[in-house]
Ligand code: IFM
């Protein structure tokens, strides 16, 4: 048996990603806690509840777990509704809580990446119309100025907005996230204001911290036509790619926002990215379907022959990840993999998924594409939005009733990768023998 290693460059960041609402718990002041209180919104009536109890201090033990398993970075998000509980109130204790967390990362030798907006909005912002309101970018800029000024000593890498495309499509088209609308005009308004909000935040951060590195975390999905021979399906896959994957980062590069047959100039957004963050999970097949009017005639399925995750949410298609990085490379900026992972309560598929996807990153890095780090989603099982606790993305599992952490084999796999700064053939032999020949052909 051969012995070989796929090495990564020195200084590569290896971490996990989390978001405030999904791990902190004990919040009743944002739109998601209000949403969870409504009947029928979340699968099985689940609520974030105590989540992973990070607000109660369990971030310390989870950061220990991450550091002890050789991770050298962590991506977390700040909860706007805690820091600015009302429009005219700043909660300095909440800011200090995040200061302690960021210090905690440094003390453990980990580099922080901080997200300013990850799906949740303060209730007072929702009352003002949320991101449909043209004043929201200015409010977001004020929030950004406040937190970056307070935390700049501890962080240099900022993600302004996580997955603006998912936030908008799920909330304003597919009715899965609050406010559960099906309204293309509202989609356009929300995305436009998120582009404006990002641009304002980008400039605000650079005013306070000229050497900061600022970007977004884009959810990239690999869309392919269901029937390659059908021009409708081909056109549709291209249309979805352009609108879902490309519209937002294009606007931040060119200052032109084009979405769903409409186009406007937003010159303030031009050249407002220092890096592009990619969140990749899966591939979807697009078919034109006349019965799907509310979904813009789009019928999405997973590739027929793909291996599926345990709740059928993710198809394991590593080549789609390579495609995502190729797409990102087109922007000529440094790239971070800000999320990648799979829901897998029993941790059967995750070790293989993890190795296959990190291998794709290695391929991209070895074409000299500027990939600077990889953040696995996620450190511990956490609250999965409208899917509640039915999906488990953690390297560590979580017993929601007792708060006990359950160490999965994937912790060992990821630890081995982080420690080696690469994928060794022995690891694959040990943790994912079924793909050994694929990764290390003799
Ligand atoms: O949990 C989410 C995260 O909040 C955003 N990206 C996808 C993850 C998995 O569903």
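Residue numbers (this note's numbering): -2 to 439. Beta carbons are placed, not taken as given, at the ideal position from N, Cα and C, and that holds for glycine.
- Message: So for residue 430, helix, strand or coil by DSSP?
- Response: Three-state result, residue 430: helix.
- With contact counted as at least three CB pairs below 8 angstroms, one residue from each stretch, are the region 245 to 264 and the region 184 to 203 in contact? Yes, they touch.
- Message: So if DSSP puts residue 61 in a beta bridge, which residue, or which two residues, is it bridged to?
- Response: Residue pairing for residue 61: DSSP places it in no beta bridge.
- Query: Of all the alpha helix (DSSP H) runs that stay within the bounds of the region 351 to 395, which reach a length of 4 or more residues?
  - Reply: Within the region 351 to 395, complete alpha helix (DSSP H) segments of at least 4 residues are not found at all.
- Message: At a cut-off of 8 angstroms, would you count residue 218 as near ligand 1, judging by its Cβ distance to the nearest heavy atom?
- Response: Distances from the CB of residue 218 to the heavy atoms of ligand 1 are all 8 angstroms or more.
- Query: What does a CB cutoff of less than 6 angstroms around residue 218 pick up in its chain, not counting 5 residues either side in sequence?
  - Reply: Taken in chain order, the residues that qualify are 281.
- Message: Tell me the DSSP secondary structure of residue 410 in three-state form.
- Response: Residue 410 sits in a helix when the DSSP states are folded into three classes.
- Is the Cβ-Cβ distance between residue 465 and residue 239 less than 9 angstroms? This structure leaves residue 465 out entirely; the chain is present only between -2 and 439.
- Item | CB of residue 319 within 9 angstroms of CB of residue 360, strictly | Between residue 319 and residue 360, the CB-CB gap stays under 9 angstroms.
- Task: Quick one: give me the first and last residue of the beta strand (DSSP E) that residue 3 is part of.
- Result: Residue 3: member of the beta strand (DSSP E) spanning 2 to 4, first to last residue.
- Could I get the ranges of all uninterrupted alpha helix (DSSP H) runs contained in the region 202 to 257, with 4 residues as the minimum, in chain order? Listed in chain order, the complete alpha helix (DSSP H) runs (minimum 4 residues) inside the region 202 to 257 are 228 to 237, 244 to 251.
- Item | Distance, residue 350 Cα to residue 309 Cα | For residue 309 and residue 350, the distance between alpha carbons rounds to 14 angstroms.
- What separation, rounded to the nearest whole angstrom, lies between the Cα atoms of residue 431 and residue 254? So the alpha carbons of these two residues sit roughly 45 angstroms apart.
- Query: If residue 120 and residue 31 are in contact, beta carbons under 8 angstroms, what's the gap, nearest whole angstrom?
  - Reply: 6 angstroms between Cβ atoms; contact.
- Task: Starting from residue 43, trace the beta strand (DSSP E) both ways and give me its first and last residue.
- Result: No residue range can be given for residue 43, since it is assigned to no beta strand (DSSP E) and is classified by DSSP as neither H nor E.
- Message: Please tell me whether, using a cut-off of 8 angstroms, the distance from the CB of residue 388 to the nearest non-hydrogen atom of ligand 1 is below it.
- Response: The answer is yes for residue 388.
- Message: Report the CB separation of residue 336 from residue 374 in whole angstroms; it is logged as a contact under 8 angstroms.
- Response: About 4 angstroms separates the two Cβ atoms, so the contact holds.
- Message: For ligand 1, I want to know if residue 382 counts as a neighbour, meaning its beta carbon is within less than 8 angstroms of at least one of the ligand's heavy atoms.
- Response: Answer for residue 382: yes, Cβ within range of ligand 1.
- Alpha carbon of residue 159 to alpha carbon of residue -2, nearest angstrom: Using only the alpha carbons, I get a separation of about 43 angstroms.
- Item | Start and end residues, alpha helix (DSSP H) containing residue 28 | Looking at the DSSP string, the run of the alpha helix (DSSP H) that includes residue 28 is 28 to 33.
- Task: Reducing DSSP to helix, strand and coil, say where residue 136 ends up.
- Result: If DSSP states are grouped into helix, strand and coil, residue 136 belongs with the helices.
- Item | Best match in 324, 181, 339, 49 for proximity to residue 333 [C-alpha to C-alpha] | For the residues 324, 181, 339, 49, the minimum Cα distance to residue 333 belongs to 324.
- Message: Along the chain, where does the beta strand (DSSP E) containing residue 277 start, and where does it finish?
- Response: Residue 277 -> beta strand (DSSP E) spans 272 to 285.
- Does ligand 3 have a heavy atom nearer than 8 angstroms to the CB of residue 115? With respect to ligand 3, the structure shown offers nothing to examine, as its ligands consist of ligand 1.
- Could you tell me which residues DSSP puts in a beta bridge with residue 87? According to DSSP, residue pairing for residue 87 in a beta bridge does not occur.
- Query: Roughly how many angstroms lie between the CA atoms of residue 408 and residue 393, to the nearest whole one?
  - Reply: Straight-line Cα distance between these residues: approximately 7 angstroms.
- Task: Measure the CB-CB distance between residue 145 and residue 201 and report whether it falls below 9 angstroms.
- Result: Residue 201 sits close to residue 145, with the two beta carbons spaced by under 9 angstroms.
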